[in-house]
Amino acid sequence: MELEWTSTLAECFAPSKSEIYNYAPCVVQTDDSTRYAFYCTNMESGIIVDYIGWRKGVKESDGQWRWGEEGIALSPGETGWDSIHVCDPDLLQGEFRYKGHTYSWALFYLGCDRLDCNHNQIGVAFADSIEGPWIKCDDNPVVSGALEYWGTGQCTQVTIDGKGKFDLIYRDADETGDNYKLASCDFSDMDAYVVGTPVRLSKAGLPDVPLCMSHVAYDSVNDTMLLVAEKGWDGVVRCCQEIVVAAISGTSFRKGEGTWEVLAIIDESLTGSYGNHNAALCRDPFGRVPERDELGIFISSATKTYIWSFRICELRARLLRQ
């Protein structure tokens, strides 16, 4: 399998104020002409506090996507586990019963209660519409994280049954190391929700460097899991410089087995951006690729001028299957 680039890097939208960042996107394509982007942003210029913003995109007759005004999906809690930051959103459509009502959308996110950005944990909110309003679950966090380490977060979901069962793929950094795991879950009834015993995911075939396996999408026709993963951390600018695009058998992936096939490395020579950070694959509402042979890859691009330069951009590629 190979990638053939079909577009150059294009900025999707920009903040209306200075010293505002946009990064860590999740892009859901609900039909051929409608997309929703959820992402991390700050509300006050120059103040680093993560909120989850969203915009609706509409494909126009010229083939270009036009993005609407920003809304805020989630804010940090007044107290508790997500009182400092809420970030790294990911969405899933299904059937989720919570407090006597069945919701059709779940928004998973990272919450943090420490200024050093450790003790990250995973929570969920529910809504009847992808446009909200969102109701945080009282039982959050649904996946806890280690107190003195980075914790858990940066999750992706892929449906199992199109309803309340799904695979949760997430980062888990604790005293044992920086790991990536998959837990099969059932959120059909939040009075008795299930997060299964996690499987540690294979990194075989991927570059042997610090790597954040940040986002996956499933090609159900070919049983292939596609991945975008960032590497090359710059602690001064606070971004990664490269993104790995890779593929693996979906069956092997779920077992924590198999070897990844690296399809491409996205770096400054391709994008023109110093920072290529927190990437995401465009997906349908159930975590699958919406176009079997086309990939929309969304990147948090950055210059060397610190995090205020973070912008969400798209690259497109064609999958060439051998």
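Heads up, the sequence shown is in the numbering used here, so the first residue is 3 and it goes up one at a time. Note that the Cβ used here is the ideal one computed from N, Cα and C, for glycine as well. Predicted model, so just to flag it, every value in this text is computed and none were measured.
Q. In angstroms, rounded to a whole number, what distance separates the CA positions of tryptophan 69 and lysine 58?
A. When rounded, the distance between both Cα atoms is 6 Å.
Q) So, threonine 161 versus phenylalanine 288, is the Cβ gap smaller than 8 Å? A) Taking 8 Å as the cut-off, the Cβ atoms of threonine 161 and phenylalanine 288 count as close.
Q: Compare the Cα-Cα distances from glycine 155 to each of Gly102, Cys214, Met192 and report the closest residue.
A: Ranked by how close their Cα comes to the Cα of glycine 155, the residues Gly102, Cys214, Met192 have Cys214 in first place.
Q: Tell me the start and end of each unbroken alpha helix (DSSP H) in the region 38 to 118 that is at least 4 residues and wholly inside, in chain order.
A: You should have found no qualifying run.
Q: Mind reading off the beta-carbon distance from alanine 185 to glycine 134? Whole number of angstroms is fine, and I expect it under 8 Å.
A: Not really, about 26 Å apart at Cβ, beyond 8 Å.
Q.
Using 8 Å as the threshold, is the C-beta distance between phenylalanine 168 and leucine 94 below it?
A. The answer is yes: Cβ separation under 8 Å.
Q | For isoleucine 124, the residue or residues it bridges with in DSSP | A | Leu112, Val145, per the DSSP bridge assignment.
Q.
Spatial neighbours of serine 106 within its chain, please: C-beta separation below 8 Å, excluding the five flanking residues on both sides.
A. Here the set comprises Gln95, Gly96, Glu97, Phe98, Ala129, Asp130, Ser131.
Q) Which term fits alanine 194, buried or exposed, when burial requires 16 or more other beta carbons within 10 angstroms of its beta carbon? A) Under the 10 Å beta carbon count, alanine 194 is surrounded by fewer than 16 other beta carbons and is classified as exposed.
Q: Closer than 7 Å by C-beta to aspartate 52: which residues in its own chain qualify, once you throw out the five before and the five after it? Chain order, please.
A: Hits under 7 Å: Cys42, Asn44, His87, Val88, Cys89.
Q | Neighbourhood of glycine 73 by C-beta, 6 Å cutoff - its chain only, sequence neighbours within 5 removed | A | Within the same chain, glycine 73 has close Cβ partners Trp56.
Q) Considering only the beta carbon of each residue, do glycine 260 and serine 251 sit closer than 8 Å? A) With a cutoff of 8 Å on beta-carbon distance, glycine 260 and serine 251 are scored as near each other.
**Q.** Pick from Ile267, Cys284, Arg285 that is closest to asparagine 278, judged by C-alpha positions
**A.** Measuring from the Cα of asparagine 278, the nearest candidate turns out to be Ile267.
Q: Kindly list the residues whose CB is nearer than 7 Å to the CB of alanine 319, restricted to its own chain and excluding five residues on each side of it in sequence; keep chain order.
A: Close CB contacts of alanine 319 within its chain, under the 7 Å cut and outside five residues either way in sequence, are with Leu5, Glu6, Trp7, Thr8, Leu297, Ile299 (chain order).
(Q) Excluding the 5 residues flanking valine 196 on each side, which residues of the same chain have their C-beta closer than 7 Å to its C-beta? (A) Result list for valine 196: Cys187, Asp188, in chain order.
Q. Which residue from Val201, Phe312, Trp152 puts its Cα closest to that of cysteine 241?
A. Cysteine 241 has its Cα closest to that of Phe312, out of Val201, Phe312, Trp152.
Q. Which value, in whole angstroms, describes the spacing of the CA atoms of isoleucine 54 and serine 302?
A. Approximately 15 Å, taken between the alpha carbons.
Q: In the DSSP assignment, find the unbroken alpha helix (DSSP H) run with phenylalanine 397 in it and report its ends.
A: Absent from the structure is residue 397, since the part of the chain shown begins at 3 and ends at 324.
Q.
I want to see whether chain D comes within less than 8 Å of serine 47, judged by CB atoms only; does it?
A. Absence of chain D from the displayed structure is noted, only one protein chain being present.
(Q) Given this structure, state the Cα-to-Cα distance separating tryptophan 152 from cysteine 14, to the nearest angstrom. (A) Each residue's Cα considered, the two are about 30 Å apart.
Q. First and last residue of the alpha helix (DSSP H) that includes glutamate 270?
A. Run containing glutamate 270: 270 to 273, per the alpha helix (DSSP H) assignment.
Q: Have a look at leucine 272 and alanine 16 and give me their C-alpha separation to the nearest angstrom.
A: Spanning the two alpha carbons is a distance of roughly 21 Å.
Q | Residues near serine 146 by beta carbon distance below 6 Å, same chain, minus five either side | A | So the qualifying residues of the chain are Gln123.
Q) To which residues does DSSP link lysine 19 through a beta bridge? A) BP columns for lysine 19 are empty, so no partner.
Q: Taking glycine 155 as part of the beta strand (DSSP E), name the residues at either end of that continuous run.
A: Start and end: 153 to 161.
Q: Go to alanine 1, then tell me how far its beta strand (DSSP E) extends in each direction, as first and last residue.
A: There is simply no residue 1 to check, as the chain begins at 3 and stops at 324 in what is shown.
Q: My understanding is that leucine 283 touches valine 238, with C-beta atoms under 8 Å, so please give their C-beta distance in whole angstroms.
A: The pair is not a contact, with the Cβ atoms about 28 Å apart (cut-off 8 Å).
Q) Out of curiosity, what's the CA-to-CA distance linking cysteine 28 and isoleucine 22? A) Straight across, the Cα-Cα distance linking cysteine 28 with isoleucine 22 is about 18 Å.
**Q.** Selection from Val211, Lys306, Leu11, Asp286 that minimises the alpha carbon distance to serine 35
**A.** The shortest Cα separation from serine 35 among Val211, Lys306, Leu11, Asp286 belongs to Asp286.
Q: Out of Leu322, Ile314, Leu321, state which residue places its alpha-carbon closest to the alpha-carbon of leucine 11.
A: The residue with the shortest Cα to Cα distance from leucine 11 is Ile314.
(Q) Beta-carbon within less than 6 Å of glycine 79's beta-carbon, same chain only, minus the 5 sequence neighbours each way: which residues are those? (A) So the list reads Ser85, once near-sequence residues are dropped.
Q) In whole angstroms, what is the alpha-carbon distance linking isoleucine 309 and arginine 323? A) Going from the Cα of isoleucine 309 to the Cα of arginine 323 covers about 37 Å.
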